[in-house]
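Chains as they are written, first to last, in our numbering: chain A, 434 to 543; chain B, 2 to 409.
Where a beta carbon is used, it is the ideal one built from N, C-alpha and C, also for glycine.
Reading through the structure tokens given below for one structure.
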Amino acid sequence: MRHEDGSKIASPEQMQEWMKQTMDWIGGIAAQNKFVGGTGLLFADAKVVHHNKMVTDGPFGEIKETIGGFITVRAESAEEAAEFAKGCPVLQGEGNTMEVRRIHKNEGGH
Amino acid sequence: MKQQELIPHLFRTEYRKIVSVLCKRFGFEQIETAEDIAADTFLAASQTWPYNGVPQNPVAWLYFVAKNKAKNHLQRHLVFESKVSDELKRSFDETFETEIDLSPQNINDSQLQMMFAICQPAIPPEAQIGLSLRILCGFGIEEIADAFLSNKETINKRLFRAKEKLREENVKIEFPGPTDIDERLATVLTTLYLLFNEGYYSSSQDNVILKDLCYEAIRLCTMLVENTLTGKPEVNALLALMYFQASRLDARIDQNGELVLYDDQDTNLWNPELISKGAYFLNCATTGNTLSKYHIQAAIAYWGTQKANTHEKWESILQLYNQLLQTEYSPVAALNRTYALSKTAGKETAIIEAEKLKLTNNHFYYALLGDLYAGIDNDIARQHFQNALALSRTQTDKQAIQKKIDNL
Numbered sequence: 434m435r436h437e438d439g440s441k442i443a444s445p446e447q448m449q450e451w452m453k454q455t456m457d458w459i460g461g462i463a464a465q466n467k468f469v470g471g472t473g474l475l476f477a478d479a480k481v482v483h484h485n486k487m488v489t490d491g492p493f494g495e496i497k498e499t500i501g502g503f504i505t506v507r508a509e510s511a512e513e514a515a516e517f518a519k520g521c522p523v524l525q526g527e528g529n530t531m532e533v534r535r536i537h538k539n540e541g542g543h
Numbered sequence: 002m003k004q005q006e007l008i009p010h011l012f013r014t015e016y017r018k019i020v021s022v023l024c025k026r027f028g029f030e031q032i033e034t035a036e037d038i039a040a041d042t043f044l045a046a047s048q049t050w051p052y053n054g055v056p057q058n059p060v061a062w063l064y065f066v067a068k069n070k071a072k073n074h075l076q077r078h079l080v081f082e083s084k085v086s087d088e089l090k091r092s093f094d095e096t097f098e099t100e101i102d103l104s105p106q107n108i109n110d111s112q113l114q115m116m117f118a119i120c121q122p123a124i125p126p127e128a129q130i131g132l133s134l135r136i137l138c139g140f141g142i143e144e145i146a147d148a149f150l151s152n153k154e155t156i157n158k159r160l161f162r163a164k165e166k167l168r169e170e171n172v173k174i175e176f177p178g179p180t181d182i183d184e185r186l187a188t189v190l191t192t193l194y195l196l197f198n199e200g201y202y203s204s205s206q207d208n209v210i211l212k213d214l215c216y217e218a219i220r221l222c223t224m225l226v227e228n229t230l231t232g233k234p235e236v237n238a239l240l241a242l243m244y245f246q247a248s249r250l251d252a253r254i255d256q257n258g259e260l261v262l263y264d265d266q267d268t269n270l271w272n273p274e275l276i277s278k279g280a281y282f283l284n285c286a287t288t289g290n291t292l293s294k295y296h297i298q299a300a301i302a303y304w305g306t307q308k309a310n311t312h313e314k315w316e317s318i319l320q321l322y323n324q325l326l327q328t329e330y331s332p333v334a335a336l337n338r339t340y341a342l343s344k345t346a347g348k349e350t351a352i353i354e355a356e357k358l359k360l361t362n363n364h365f366y367y368a369l370l371g372d373l374y375a376g377i378d379n380d381i382a383r384q385h386f387q388n389a390l391a392l393s394r395t396q397t398d399k400q401a402i403q404k405k406i407d408n409l
């Protein structure tokens, strides 16, 4: 889940609504026995470690997009995974995107 | 209690105690002997009580007779096996009282230890349930066969194989050590959960036996809750779940023995006493940091006991199923989640989600689709109900589905 601007502050009501939508989205994938795991990433306490090992607060500033979280699904194909991604409420935010990536495994699973 | 009811009643409550204590004393290799002695004891009671009258303390009488029979057996065994010295035989009589200990404490411990011995991954779940019913609940082979929709021969074979396996594995009747108690307890809880479900959802026409299965599961789970070693949060949560579900036992079967679905139940028949017991144990379950699948299911079952069809009720149920499915997928949870979704987001949304489940060998799947399409497109609904009818195996389920078709 990529947010174009992670610094936007949402109201508690909005947060609660997104929370519910996210839970319903994940629940729908889990109901198909295709949910493996997921992790939301918080913006609080975020740090950026630069190539010269300098540490700055937050992923904001010069970085345009931030990663809001990721979930792992058991999909037949990248296309099926993309179908799952379409349901993610993050996409309601203009400029936000979902990226589908295959997990590297030796035995060729997804 | 009349005499003809007294012996079956005592058999139900005392047989399992005698078997557990004797089996613990003899070891698993002689479990049949333990069962024979317990059965012989009741045979003796049924032969003498009608003529001599019921003893003043029938339970003490049974224990006394069982002890003597066990003692005779051990003596014969001792002489036959090891040709022991006279001295040993003399001391045997003296130590005997302490060796066969039918004190409440030892009875309780033996039963709990037996529970751990039987609920072993080494034997298949249905054999664990069968053995539990036989040894921990004192069920007859015929009753077990009824509950499993099977016959005596099959059940006898299944139990025989399971006992053989336990002997081969050299299973000890003892409490697990502190390092593996959680893992072993998980297996015990699974078996009790299945035992309860066997009573709650099974298909046998004998409703009395089915209710008994539920109450036996509750009794065994209560024993675990009351023991300091095993009374963990998830055990309390499972007990809460069982009480919440059991509160509807009288409402879900009508006078003709037909299943009454949740929406059609007379809520006056829901048992408030069992519901409050469930709430009590759910509260006890919240003492630790663990959130087990039984916690989530108990919370869902709690909402199930709330009569008012509020948005809050169905939204809570939906979120709990979302959570449960992430912890552990099951087709039933997936179907129930989709049903809850239909209550919060409407049938159209739920149909889209339901059709993704593709549980095409599950009659509940088609029953759910039928329910969702009913009122939207009755022809499609009928088609789904027909599929459900074709896939369902039990009379109870077929009747319930047929009723839905008739109501379209």
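What's the gap between the Cα of K453 (chain A) and the Cα of E316 (chain B)? 9 Å
Just verifying my parser: in three-state terms, what is the DSSP assignment at H10 (chain B)? helix
Per DSSP, which residues does I254 (chain B) bridge with? Please list them. B:L260
Please state whether DSSP places I377 (chain B) in a helix, a strand or coil. coil
Using a Cβ-Cβ distance under 8 Å, would A463 (chain A) count as near chain B? yes
Which residues in chain A have a C-beta closer than 8 Å to the C-beta of E354 (chain B)? List them in chain order. G461, A464
Compare the beta carbon distance of M434 (chain A) and I500 (chain A) with 8 Å and say whether it is the shorter of the two. yes
T339 (chain B) touches chain A at which residues, Cβ-Cβ below 8 Å? A464
Have a look at L132 (chain B) and E144 (chain B) and give me their C-alpha separation to the nearest angstrom. 12 Å
Which residues in the same chain as A518 (chain A) place their Cβ atom closer than 7 Å to its Cβ, once the five residues preceding and following it in sequence are excluded? M531, V533
Cβ-Cβ distance between G526 (chain A) and H436 (chain A) below 8 Å: yes
Is the shortest distance between the beta-carbon of M456 (chain A) and the beta-carbons of chain B less than 8 Å? yes
When the Cα of L221 (chain B) is compared with those of B:A286, B:P234, B:L240, which residue comes out closest? B:L240
Could you tell me whether the Cβ of N323 (chain B) comes closer than 8 Å to any Cβ of chain A? yes
C-beta contact flag for F386 (chain B) and G371 (chain B) at 8 Å: yes
Let me confirm a value: Q246 (chain B) is counted as buried when at least 16 other C-beta atoms fall within 10 Å, else exposed. Which label applies? buried
Excluding the 5 residues flanking A351 (chain B) on each side, which residues of the same chain have their C-beta closer than 7 Å to its C-beta? T339, L342, S343, L373
Mind the definition here: the region 12 to 31 of chain B touches the region 165 to 183 of chain B only if three or more C-beta pairs lie below 8 Å; say whether that holds. yes
In the DSSP output, what is F468 (chain A) paired with across the bridge? A:V506
Assign S248 (chain B) to buried or exposed, taking buried as 16 or more other Cβ atoms, counted over all protein chains shown, within 10 Å of its Cβ. buried
Residues bridged to T499 (chain A) by DSSP? A:H436
For L167 (chain B) and P522 (chain A), what's the separation of their Cα atoms in angstroms? 52 Å
Assuming contact is defined by CB atoms lying nearer than 8 Å, are A128 (chain B) and E170 (chain B) in contact in what I supplied? no
Among the candidates B:F117, B:T288, B:N284, B:I130, whose CA atom is the shortest distance from the CA of F149 (chain B)? B:I130
With respect to the beta strand (DSSP E) encompassing V523 (chain A), which residues constitute its N-terminal and C-terminal limits? Here V523 (chain A) belongs to no beta strand (DSSP E), and DSSP marks it neither H nor E.
Neighbouring residues, chain B, relative to F468 (chain A) (Cβ below 9 Å): L326, Q327, Y330
Looking at Y16 (chain B): is its Cβ nearer than 8 Å to the Cβ of G139 (chain B)? yes
Can you list, in chain order, the residues of its chain whose CB lies under 8 Å from that of L390 (chain B), leaving out five sequence neighbours each side? H364, K399, I402, Q403, I406
Would you check if the distance between the CB atom of I136 (chain B) and the CB atom of V20 (chain B) is smaller than 8 Å? yes
Give the residues of chain A in contact with Q320 (chain B), contact being defined as C-beta atoms less than 7 Å apart. M456
With H, G and I counted as helix, E and B as strand and the rest as coil, what does DSSP make of K344 (chain B)? helix
Applying the 10 Å Cβ sphere with the 16-neighbour rule, what's the burial state of E98 (chain B)? Note that E98 (chain B) scores 48 on pLDDT, short of 50, meaning its location in the model is unreliable; the coordinates nonetheless yield the value given after this. The residue in question, E98 (chain B), is exposed, as its Cβ has fewer than 16 Cβ neighbours within 10 Å.
Which residues of chain A have a Cβ atom closer than 7 Å to the Cβ of L358 (chain B), listed in chain order? A464, Q465
Smallest Cα separation from Q60 (chain B): which of B:I8, B:H78, B:E33, B:L242? Note that residue 60 (chain B) is Val in the sequence shown here, rather than Gln. Measuring from the Cα of V60 (chain B), the nearest candidate turns out to be B:I8.
Could you give the first and the last residue of the continuous alpha helix (DSSP H) run that contains V172 (chain B)? Taken as a continuous stretch (DSSP letters only), V172 (chain B) belongs to no alpha helix (DSSP H), as it is neither H nor E.
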